[in-house]
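Only one structure is covered here, and it is reproduced in the block below.
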Amino acid sequence: MPDFKKMVRDRLRDCGLSPMRECEIVDEISQHLRDRYEAQLSTGATEDVAEREIIEELEGRDLAGDLRKIEERWIDPVELGTGEGSDIWSGLWQDLRYATRTLRLNPGFTTACVLSLALGIGANTAIFQLIDAVRMRVLPVAHPEELAVIRPTDFHVTGRHHGRYGYVTNQMWEQIRAQQQGFSGVFAFGNEDFNLATRGQVRYAQGLWVSGEFFDVLGIQPILGRVFHRPDDRAGCGAPGTVISYEFWQSEFGGQASAIGKTLELEGHSFAVLGVTPANFHGVDVGHRFDVAVLICSEPTIAGESSLYVLPHGWWLVAMGRLKQGWTLDKASAQLEAISPGLMQETLPPVYQAEARKEYLQKKLAAYPGSTGVSNLRQQYESPLWLLLAITGLVLLIACANLANLLLARASAREKEIAVRIALGAARGRIVRQLFTESILLALLGATFGMVLARLLSSFLVRYLSGEGDVRHIFVGLATDWRVLGFTAGLAVLTCVLVGLAPAIKSTRMAPALLMSLAGRGLTTTRERFSLRRALVVAQVALSLVLVVSALLFGESLRKILTLDSGFQRDGVLVMDIDYTRLNLPYDQRGPFRERIVERVRSLPGVQSAAETTEVPLGGSYWNDEVVVNGEVKKGWVDMGHITPGYFQTIGTPLLAGRNFNERDTASSPKVAIVNQEFARKIMGTENPMGRTFKINVYRGQPQYEYEIVGLMANAKYDDLRKAFDPIAFYPQLQDDRPDANAEIIVRSSGLLEPIVGELRQAMADVNPEIAIDFHSLAAQINDGLLKERLLAILSGFFGLLAAILATVGLYGVMAYMVAKRTNEIGIRMAVGAAPIQMIELVLREAGKLYGVGVAVGVVMTLVVGRWAASLLFGLKPYNSAVLATACLGLAVVTVLASAVPARRAAKLQPMAALREE
Amino acid sequence: MALTNAGFDRELKKGSAELLILSLLQGRPRHGYEISQLIEQRSAGTLKFNVASLYPLLYRLEKRGWIEGQWVEKPGQRRRRYYRLIPAGKAMLKQQRRTWAEFVAAMQRITGVSHA
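Just so you know, the sequences run in chain order A and B.
Going left to right, the first sequence walks through residues 377 to 1294 as this note's numbering numbers them.
Going left to right, the second sequence walks through residues 1089 to 1204 as this note's numbering numbers them.
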């Protein structure tokens, strides 16, 4: 008799039927074939003929094809603990398939896990990306490790400080170039904004002053045209041309080769475009990029009367160099120190008074690491960024604790299955590996989405840090380099281990017989796992407390700084920067010219008051000097400025005593001053300084006037909101001997600021269309200066909230699990007479214990880490009992909320049903 | 177009196969071999269902919920899978019979073919 079952089975091999269904169909059809065969034989056919007929019948149609259309395709399940072979790779693919299927069948769980991991990993990676860009990444030049910054060992300077750094003067730079021995090449640079527009318009380009060998020492080759070289850089070079950046070339010239030779107007002077730098080169100032590079020797041409080129006390450059072969930083520093006395003597500014001379001559030059360039962004934001990284690290830990809890819960639900498999001979290690694979997969998914989130978050942060104003854009080259990838991968691995290993091991540690006999009841042997879950929740509560406290501290710090008494009214004030260099007015005409402008502005409708000042509060630039009282130089710097009448009214600082400046305070009248309370107290040693006089500790050779104090103003912040009040002295604008060819006009409006901008522009154009004007609001300017505080407050607030949510979820999970596991016990209690309210108390008491321990640990942690944040806080200490109490209260509310549902469930349990439950 | 016997067989069977199976199951439950034998006998050999077309059809009808299969082991016999008509199938049989009768009547009117 032919094997009919085999015949049929052979034809069904590729159908993808489940084994059971295949068996059924094979049985049925083979039965039919046997009946047909026997019927054939009974009619006298031979066995061969009968068999041939059967085969023909089977092959008459595509049986498998038809069945495939009807029957369900069966997916081969992977049994836990199976897999042949003992080496690590066998069954790995199986583990992965099993893990994938498990996660796919639990979309809610998977989404929750991946989302919380993505948030944790993403946030960490974003902050790390910023730290990497600002702190760690070396410049994209040849051999960056050879670069060094050459500067004095102390930062204090006397004189005119210009630009972001201003480490050396031009004279010092030239001497360094001539006398240094440790460097194969040195260069200098400074930063500047150039107005590209004409006829009153303002459009700034970010500029770089560079010495001739800047590009050569850095090894930068142009992608078009040429760059500067040493011979180009000589005194009196005029306007030989400019080298532009790749981005600027794209935006201004559309990336056309014909850009070479075209001219750019920089502050009204024509510069031909000589060349274009490569796309990945942004200068050596990390956090900023450049649009146009101009030779240092062109500075006098552009700056005119305010040139720093030949000013021995003009601090505007940074010197850097490339170490020679075999020279170290220490060796180079030693040589620089050796030449310092002679160098300082040769470049000593002749205008310095005795004190300043002494200080200057004692300066020593040294070499500092320069592979990561220079960066004031780094100085400002490095501490906050590290703190934020610590915060996001804590968030990730909390997310991991949540996940570990979830995985533990799921593992305990499968403990019976695992016990059966172990009893049937599955390798324990194998099962651990299979369970661990799930967490690996979760971590990988979390890391992948985290990378995407990281990119979005870091781009947002960079845009946020850029603030207002078109030239204050911060540029941070965010790149997913090996460090960032390594960091993310490391986080993913750490997460896996934290989240997956413990639950996996714990699940397989118990004796199978014992596990099977428990039938899922919450008795002693699973207490160990429950302890781990409780410990995880306690950790979550503790970490959440730290984060919530930090959020409250930074939020309060920001609130304090925003509401502190600055001494002036910041809202409703427009600042108008005017530049009338192109009018070429002589000094004696400038004062009256500016008075006319202010009068014109005051006459406009919508303008409540207006005044002119050389220094706008918190405007970023400042003038300070020491003063001389009765022949004695008083210690301490006094902030100074020239103002017109109407200043106090416009800025909103009250005049407390004496008089305001008026039209009688002219260039030929006696010199007068208005000082603030701090000046009176600190410099004059009295609360009423009216009629007292002082002099400014001017440079040698400058006229030294005696100023009579005619007015006392209230204290007001001058250059930094965070600092205490400094002494301030204001002088009448008309008594300024050498007013600059630019000014700041502050305008207070009775209404909104936007509408009057157009009127002001027109008014200035009416006076003279060559006046360049730019506007910004005082409030926005001050806000920009508080970026650091705002960033910390917003981000720590966001992460604090996230931590609280995660802790709630964690608490809820454990409480729900507890109630489920103690159902029997609750049933017994209620059966013997306990009231539902007592069951609620039971749950809340349990939650309370977790909260109590968590908060206790959290308070200790907060006190320990608090001191790191101290320097970033304003107006409060990290050990603030009110903040701590608020955070504890907040988490208490969270605990109650998280326990509410499980408590209700416990109270509503029916005793009989509870007792019956296994 | 000229329809060969094989073509005629195929086209008609396609439309009527379900009706055939359902009507044969109306009386009592039957197994697959029995159904194929009945069809061959009652059609005097005109209609033949080979195993590769019969069983997919039975499984399709079962999936639609018109028939139900059950393994039955009678004493002295090998176990077989018997199919029976269930209520949804009965309703479908009634509908298909009506449709078929209308079709035949329409064909008769057009072609003038009648049956004994």
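Even for Gly, the Cβ is constructed at its ideal location relative to N, Cα and C.
| Check | Outcome |
| --- | --- |
| When Cβ atoms are compared, which residues of the region 1140 to 1161 of chain B fall closer than 7 Å to chain A? | Ala1140, Ser1141, Tyr1143, Pro1144, Tyr1147, Arg1148, Lys1151 |
| Could you check how far apart the C-beta atoms of Phe1037 (chain A) and Pro1103 (chain A) are, in whole angstroms? I think they sit under 8 Å. | In fact, because the Cβ distance is near 19 Å, the residues do not count as touching under 8 Å. |
| Helix, strand or coil for Ile767 (chain A)? Go by DSSP, reduced to three states. | helix |
| What residues from chain B crowd round Gln407 (chain A), counting only those whose CB sits closer than 9 Å? | His1119, Gly1120, Tyr1121, Arg1166, Arg1167, Arg1168, Arg1169 |
| Quick one: grab the DSSP three-state call for Thr813 (chain A). | helix |
| From the DSSP output, in three-state form, read off Ser1141 (chain B) for me. | helix |
| Restricting to runs no shorter than 4 residues, where is the alpha helix (DSSP H) found entirely within the region 1109 to 1194 of chain A? | 1130 to 1143, 1154 to 1161 |
| Any beta carbon from chain A within less than 9 Å of Ser1205 (chain B)'s own beta carbon? | Residue 1205 (chain B) is absent from the model: chain B starts at 1089 and stops at 1204. |
| I'd like to know if the region 874 to 884 of chain A and the region 1177 to 1194 of chain A are in contact, where contact means that at least 3 CB-CB pairs between them fall below 8 Å. | no |
| Output needed for Pro516 (chain A): all residues of its chain with C-beta closer than 6 Å, excluding positions within five of it in sequence on either side, in chain order. | Asn656 |
| Taking C-alpha atoms, which residue in A:Pro616, A:Ile620, A:Thr748, A:Gly637 lies nearest to Pro520 (chain A)? | A:Thr748 |
| Suppose the cutoff is 8 Å on Cβ atoms and the five residues either side in sequence are ignored; what does the same chain contact list for Gly576 (chain A) look like? | Arg1137, Met1140, Ala1141, Pro1145, Glu1146, Ile1147, Ala1148, Ile1149 |
| Do you know offhand how far Asn1118 (chain A)'s Cα is from His664 (chain A)'s? | 25 Å |
| Which of the three DSSP states is assigned to Ile636 (chain A) in this structure? | coil |
| Look at the alpha carbon of Leu741 (chain A) and the alpha carbon of Ser716 (chain A), and state the distance between them as a whole number of angstroms. | 6 Å |
| How big is the Cα-Cα spacing for Gln1053 (chain A) and Ala1090 (chain A)? | 6 Å |
| Using only CA atoms, which one of A:Glu1201, A:Met827, A:Gln738, A:Ala1223 lies nearest to Val1185 (chain A)? | A:Ala1223 |
| Taking the alpha helix (DSSP H) that His408 (chain A) belongs to, which residues open and close that run? | 395 to 418 |
| How many whole angstroms separate the CB atoms of Ala1179 (chain A) and Val771 (chain A), which I take to be in contact at a CB cut-off of 8 Å? | 6 Å |
| Determine the DSSP secondary structure at Glu1106 (chain B), reduced to helix, strand or coil. | helix |
| Going by beta carbon distance, what residues of the same chain come within less than 7 Å of Trp692 (chain A), once the five residues before and after it are set aside? | His538, Gly539, Gly542, Gly566, Leu684 |
| Assuming Met1066 (chain A) contacts Ala1033 (chain A) (C-beta within less than 8 Å), just tell me the rounded distance between them. | 6 Å |
| Can you tell me which of the three DSSP states Gly1203 (chain A) falls into? | helix |
| Would you list, in sequence order, the uninterrupted alpha helix (DSSP H) runs of no fewer than 4 residues that lie entirely inside the region 739 to 795 of chain A? | 752 to 789 |
| Against chain B, which members of the region 414 to 444 of chain A pass a CB distance test of less than 7 Å? | Glu433, Leu434, Gly436, Arg437, Leu439, Asp442, Leu443 |
| Assuming Gly630 (chain A) contacts Val924 (chain A) (C-beta within less than 8 Å), just tell me the rounded distance between them. | At roughly 52 Å, the Cβ-Cβ gap does not stay under 8 Å, so Gly630 (chain A) and Val924 (chain A) are not in contact. |
| Between the region 1103 to 1113 of chain B and the region 1184 to 1195 of chain B, are three or more C-beta pairs nearer than 8 Å? | yes |
| Output the distance between the C-alpha atoms of Leu1260 (chain A) and Ala1232 (chain A), rounded to the nearest integer angstrom. | 11 Å |
| Give a yes or no on whether the C-beta atoms belonging to Arg444 (chain A) and Ile430 (chain A) are separated by under 9 Å. | no |
| Could one say the Cβ of Ser1131 (chain B) lies closer than 9 Å to chain A's Cβ atoms, at least one of them? | no |
| Grouping DSSP H, G and I as helix and E and B as strand, with all else coil, what is Pro1278 (chain A)? | helix |
| So, are the CB atoms of Ala989 (chain A) and Thr957 (chain A) less than 9 Å apart? | This sequence places Thr at residue 989 (chain A); Ala is not what is there. Cβ atoms of Thr989 (chain A) and Thr957 (chain A): not closer than 9 Å. |
| Quick one: list the residues of chain B neighbouring Ile446 (chain A), beta-carbon separation under 7 Å, in chain order. | Pro1144, Tyr1147, Arg1148, Lys1151 |
| Run through chain B and tell me which residues come within less than 8 Å of Asp411 (chain A), C-beta to C-beta. | Tyr1121 |
| Are Asp403 (chain A) and Arg1169 (chain B) touching if we call contact CB-CB under 9 Å? | yes |
| CB Leu784 (chain A) to CB Ala878 (chain A), shorter than 9 Å? | yes |
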